[in-house]
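Be aware that the sequence shown starts at 293, since it is given in the working numbering, and climbs by one per residue.
Heads up, the thing below is written out as structure tokens.
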Amino acid sequence: LTLPSTIIRTIKLVVASLRAMSSVNDSRYLYDIQKKMEAMLKYQKPAERDQKLLQYYIDQLFTLPCFRTTVVPPPGFGIFARYVRELHIPIPGYPYNMKMRLTGPRGSTIKRMEDFCQCSINVHPVKYDHVIVYIACVDYINVSRWKVDLAEKCIMEILRIPANGRDVVYQMQMAELAVRNGTYESRMMYFH
């Protein structure tokens with residue numbers, strides 16, 4: 293059974309328009325969240341702020357794009373096991389402190405990574421440009437390996453610096469730190 297090319301083109305157009313509408317809705321939602329957070333920071337004293345609401349705004353605005361997707365692990369089989377991987381990551385000449393880049397402001401980046409990958413991640417610095425990362429997961433053995441592989445990919449994605457010079461990870465971490473420290477200035481933080 294083959295579909296006529298006009299139906300295929302129509303389906304592609306509908307899917308493309310749905311994706312565009314979804315990204316527009318996400319953009320509007322994040323813009324509204326940003327405005328609400330700016331109003332909270334501008335008009336409320338730090339002691340009067342609802343910290344849970346502020347944390348919600350921070351989580352919505354500063355979650356990296358790679359952690360916004362939903363991943364589904366493979367079906368589990370076998371036995372439950374603790375799977376641990378040790379990564380030695382030396383990058384000579386790396387312009388940032390690798391431990392701080394992976395950890396993020398007040399541990400937020402690594403917490404989001406652990407929530408996304410559903411495993412424990414510990415970062416131990418050796419030097420400025422060399423870290424040892426321990427990733428551990430307790431699940432079915434195939435699911436544990438999959439989660440640890442996912443965590444390794446996330447770590448490498450965070451450490452990657454784009455060739456175009458626009459370092460979104462650094463910009464979002466610095467903007468989040470400014471909000472947390474109370475030194476935030478009204479500027480566009482929307483990076484998605």
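Glycine included, every Cβ here is placed at the ideal spot set by N, Cα and C.
Ser400 classed as buried or exposed, judged by whether at least 16 other C-beta atoms fall within 10 angstroms
Translated into positions along the sequence shown, residue 400 becomes position 108. Classification of Ser400: buried, given that the 10 Å Cβ count is 16 or more.
Phe354: buried (16+ other C-beta within 10 angstroms of its C-beta) or exposed?
Residue mapping note: residue 354 aligns to position 62 of the sequence shown, counting from 1. Looking at its Cβ environment, which holds 16 or more other Cβ atoms inside 10 Å, Phe354 is buried.
Kindly list the residues whose CB is nearer than 6 Å to the CB of Asp318, restricted to its own chain and excluding five residues on each side of it in sequence; keep chain order.
Translated into the one-based positions of the sequence shown, residue 318 becomes position 26. Excluding residues within five positions, none has a Cβ falling inside 6 Å.
Runs of 3 residues minimum, wholly inside the region 392-479: which ones carry the beta strand (DSSP E) assignment?
If only complete runs of 3 or more residues are kept, the region 392-479 shows the beta strand (DSSP E) at 412-419 and 422-432, in order along the chain.
Would you kindly check if the distance between the Cβ of Val415 and the Cβ of Val425 is under 8 Å?
By 1-based counting over the sequence shown, the position of residue 425 is 133. By 1-based counting over the sequence shown, the position of residue 415 is 123. Cβ atoms of Val425 and Val415: closer than 8 Å.
If you draw a straight line from the alpha carbon of Val440 to that of Val461, how long is it in whole angstroms?
In the sequence shown, counting from the first residue as 1, residue 440 sits at position 148. In the sequence shown, counting from the first residue as 1, residue 461 sits at position 169. Rounded to the nearest whole angstrom, the CA to CA distance from Val440 to Val461 is 21 Å.
When you compare the CB positions of Arg404 and Phe359, do they come within less than 8 Å of one another, or not?
Reading the sequence shown from its first residue, position 112 is the one you call residue 404. Reading the sequence shown from its first residue, position 67 is the one you call residue 359. Using a Cβ distance threshold of 8 Å, Arg404 and Phe359 count as a contacting pair.
Please report the residue range of the beta strand (DSSP E) in which Tyr375 lies.
In the sequence shown, counting from the first residue as 1, residue 375 sits at position 83. Here the beta strand (DSSP E) through Tyr375 covers Phe372 to Pro382.
Among Gln465, Phe408, Asn456 and Arg452, which one has its Cα closest to the Cα of Trp438?
For this step, residue 438 is matched to residue 146 along the sequence shown. Ranking the options by Cα distance to Trp438, first place goes to Phe408.
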